[in-house]
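Peer 1:
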Amino acid sequence: MSATSGNVLKPSAVGTRGDAGVLYKMQRRQPLSVVLAEEHSNTDDGEGSHGLKKYCIASAAVARGWANYVQCFIRAAFGVILPSWMYATPTQYGIISFSFLAPTLCAICTLICLSGVKESATFSFTMACLNVALLLTFSLYGSYMYGDVGNMDPFTLPSDVAVDGVGGFAGVLRGSGLAFFCCVGWDAVCTLSEEVRNPKRDIPWGIMGTLLIVALLYSMLCITLCLMVPIESIDLDAPLATAFQYHHDNWGYIITSLAATTVCTPSVMSGIVGQPRIWYRMALDGLLFKPLAKLSAQDVPVVGTTICGIIATLLSAVCDFEPLAGMTSFSTLAMFTLVNGGIILTRAEDNSVRDSSHHHHPSISTTNITYSISLFFILSIAFHYVALLHGFLTCSGIALAALNLASLAWLLYAYYAAIAPYVNKSNIDGHSEPLLVGNQRDKEDTAEDDNHFRCPWVPILPAVAIWVNCYLMASLGLQALIMVTVWLILGIVVYLTYGARHSKLN
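Basically this note's numbering = 1-based index in the sequence shown + 866.
1) Tell me whether residue 969 sits in a helix, a strand or coil according to DSSP, three-state version.
2) Reducing DSSP to helix, strand and coil, say where residue 981 ends up.
3) Suppose you measure from the CA of residue 920 to the CA of residue 944; what does that come to, to the nearest Å?
4) Going by other Cβ atoms of all chains shown within 10 Å of its Cβ, with 16 needed for buried, is residue 1250 buried or exposed?
5) If the criterion is Cβ atoms closer than 8 Å, does the pair residue 1203 and residue 1243 meet it?
6) Are the stretch 1090 to 1110 and the stretch 1120 to 1140 touching, with three or more C-beta to C-beta distances below 8 Å?
7) At what residues does the alpha helix (DSSP H) containing residue 1066 begin and finish?
8) So for residue 1385, helix, strand or coil by DSSP?
9) With H, G and I counted as helix, E and B as strand and the rest as coil, what does DSSP make of residue 956?
10) Shortest alpha-carbon distance to residue 1017 belongs to which of 1079, 1177, 1131 and 1091?
11) May I have the straight-line CA-CA distance separating residue 1255 from residue 1188, to the nearest angstrom?
12) Drop a sphere of 10 angstroms on the beta-carbon of residue 1022, count the other beta-carbons inside from all chains shown, and report buried for 16 or more, exposed for fewer.
13) Using only alpha-carbon positions, find the residue among 1037, 1154 and 1111 that is nearest to residue 1356.
14) Give me the residue from 1264, 923 and 1008 with the minimum Cα distance to residue 1089.
15) In or out: residue 1215 buried (at least 16 other Cβ within 10 Å) or exposed?
16) So, with DSSP's three-state summary, where would you put residue 1369?
17) Whose C-alpha, out of 1213, 1367, 1173 and 1286, is nearest the C-alpha of residue 922?
18) Is residue 1319 near residue 1069, with beta carbons less than 8 Å apart?
19) What does residue 963 pair with, by DSSP beta-bridge criteria?
20) For residue 1142 and residue 1048, I'd like the C-alpha separation in whole angstroms.
21) Check whether chain B comes within 8 Å of residue 927, counting only Cβ atoms and requiring the distance to be less than that.
22) Excluding sequence positions up to five away, which residues of its chain have a Cβ less than 6 Å from the Cβ of residue 1103?
23) What is the C-beta distance between residue 1280 and residue 1235, in whole angstroms, given that I count them as a contact (C-beta under 8 Å)?
24) Quick one: Cα of residue 1335 to Cα of residue 1063, how far?
25) Using the C-alpha atoms, what's the distance from residue 1207 back to residue 1201?
26) Are the Cβ atoms of residue 1349 and residue 1199 separated by less than 8 Å?
27) Taking 8 Å as the threshold (C-beta atoms), are residue 1333 and residue 1131 in contact?
28) Is it buried or exposed, residue 1019, if we count other Cβ atoms within 10 angstroms and call 16 or more buried?
29) Tell me which same chain residues have a C-beta within less than 6 Å of the C-beta of residue 1112, skipping the five on either side of it?
30) Taking the alpha-carbon of residue 1175 as reference, which of 1127, 1124, 975 and 1150 has the nearest alpha-carbon?
31) Quickly, what does DSSP pair residue 1185 with across the bridge? List them, please.
32) Please report how far the alpha carbon of residue 1039 lies from the alpha carbon of residue 1341, in whole angstroms.
33) Quick check on DSSP: helix, strand or coil for residue 1164?
34) Taking 8 Å as the limit between beta carbons, can you name the residues of its chain near residue 1263, skipping five residues before and five after?
35) Please return the same chain residues whose Cβ sits closer than 7 Å to the Cβ of residue 1149, not counting the five positions on each side in sequence.
36) Could you give the DSSP three-state label for residue 1325: helix, strand or coil?
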């Protein structure tokens, strides 16, 4: 369940003001960025903040969760126990788990999307309100009727810190990365920069407000679960419903199962609706094949919707929920990392573009920044993996920490070296402009367009964000990294074989 389900996407362009359109800018300036943007995001479409694979995989993951709640509802309401192959049949291969109900839902949602049914803003708002109401009702009712503080005693964490552990501090780390799966959609606020009155004020407040609401709701939900059921008794497949079953509350079990199934359905549909809009926009730019840019009489990208539905159906049929959720979270974090790196790169390029009187070579400077960002990302994620697996105070951990700090120093040096000729120069009257992180340049940007939103404290804040994102990605384990890497390779192949030769972005 997600408090932000039911997002509406249309095959139209969205504004790219300030740093909100950083990926769009990167596509037009760096070939490598086009490759990554093709795989992770395209800010020029109706929902630029979502990655190319995040929609399909998220829909498949939600469908698997929906299947578990369907079997809970049927068992409680009608006393019928469905065979395991209907909702989840585990295998010896770990990530492989067969299901019949999950792909059935994806197929039905695909047919509905192909028929031309469009989600309206009213429907999205209604579903979001319903989600919030259900979460609040479950938390308040469950805590009041069945809450027991004794279930949280002792309030300590085990000493297990292995990255693949299921409890202790390892569980906290893994949960913090997986939690991004629950927050998919809040970053859509960034795509509204052209539609709000004051983006400089409204965009940060919208992002932080959305994050705060989601964090409070899910934190309250987790606390309620821990109060109702001992931690070792929580059912990971259908935790909300089985929490009531634990207390023999059959009506609570039935209502919660039914509510979960109805709430999950529009989330699956929104992914299948949104993904083809991304492909549509990219096909118009020449990055993907032309058939993906064709619309039906009902303004539905038929080819893209069909392909997206097939992918979601196949994934939900053979993949378990956890690896799908891990891939969604990992790709989301990777996309955010790309955005942070893009902010550093485009901010340096903006300085050189504004001052074309100097005979410097900005392409060389920005190339150094690109390499330094790439190295910083690789060393950051390698350091976190080693630290989580073997501990920080080891030879490999200390060595990677030193290399990580060195790569950060190179990144900062490359950035300031790139902007130094433009912000620390003497003008004709002999006056000098001080070398600033970005405050002076931001003032000039404000004079040009007071409504643009620009990230503060560049490059410090984006660099810290990259490091933290790498920490969260490492907590998801190597499995998520390998699966996302496969998708990335596929995206690179598509770009090199087609997009690079047909792109209209130069």
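Glycine included, C-beta positions come from ideal geometry on N, C-alpha and C.
Peer 2: With the given structure in hand:
1) Residue 969: helix per DSSP, three-state reduction.
2) Coil.
3) Rounded to the nearest angstrom, the two C-alpha atoms are 36 Å apart.
4) Around the CB of residue 1250, 16 or more other CB atoms lie within 10 Å, so the residue is classed as buried.
5) Cβ atoms of residue 1203 and residue 1243: closer than 8 Å.
6) Verdict: yes, contact present.
7) Annotation for residue 1066: the continuous alpha helix (DSSP H) segment containing it runs 1065 to 1094.
8) The chain is shown from 867 up to 1372; residue 1385 falls before or after that span and cannot be answered.
9) For residue 956, the secondary structure class from DSSP, reduced to helix, strand or coil, is strand.
10) For residue 1017, the nearest C-alpha among the options comes from 1091.
11) Whole-angstrom Cα-Cα distance: 20 Å.
12) Counting Cβ neighbours within 10 Å, residue 1022 comes out exposed, since fewer than 16 surround it.
13) Residue 1154 is the option with its Cα nearest to residue 1356.
14) Taking only the C-alpha atoms, the option nearest residue 1089 is 1008.
15) Label assigned to residue 1215: buried.
16) For residue 1369, the three-state secondary structure derived from DSSP is coil.
17) Nearest of 1213, 1367, 1173 and 1286 to residue 922, Cα basis: 1173.
18) Closer than 8 Å, so yes.
19) Answer by DSSP bridge pairing, in chain order: 956.
20) Roughly 22 Å separates the two Cα atoms.
21) Absent from the structure: chain B. Only one protein chain is present.
22) For residue 1103, where only same-chain residues beyond five positions count, the Cβ hits under 6 Å are 934.
23) Rounded, the Cβ-Cβ distance is 5 Å, consistent with contact.
24) One C-alpha to the other measures close to 31 Å.
25) Looking at the two C-alpha atoms, the distance is approximately 10 Å.
26) At a Cβ-Cβ threshold of 8 Å, residue 1349 and residue 1199 do not count as neighbours.
27) Not in contact: residue 1131 and residue 1333 (Cβ atoms no closer than 8 Å).
28) Per the 10 Å Cβ criterion, exposed.
29) Cβ within range, chain order: 1095.
30) Restricting attention to 1127, 1124, 975 and 1150, the CA atom closest to the CA of residue 1175 is found in 975.
31) DSSP output for residue 1185 lists 962 as bridge partner(s).
32) Each residue's alpha carbon lies about 6 Å from the other.
33) Looking at residue 1164 - three-state DSSP - the assignment turns out to be coil, as it is neither helix nor strand.
34) Apart from the 5 residues on each side of it in sequence, residue 1263 sits with its Cβ closer than 8 Å to the Cβ of 1249, 1252, 1253, 1256 and 1257 in its chain, given in chain order.
35) Around residue 1149: 1155, 1156, 1158 and 1159.
36) Residue 1325: coil per DSSP, three-state reduction.
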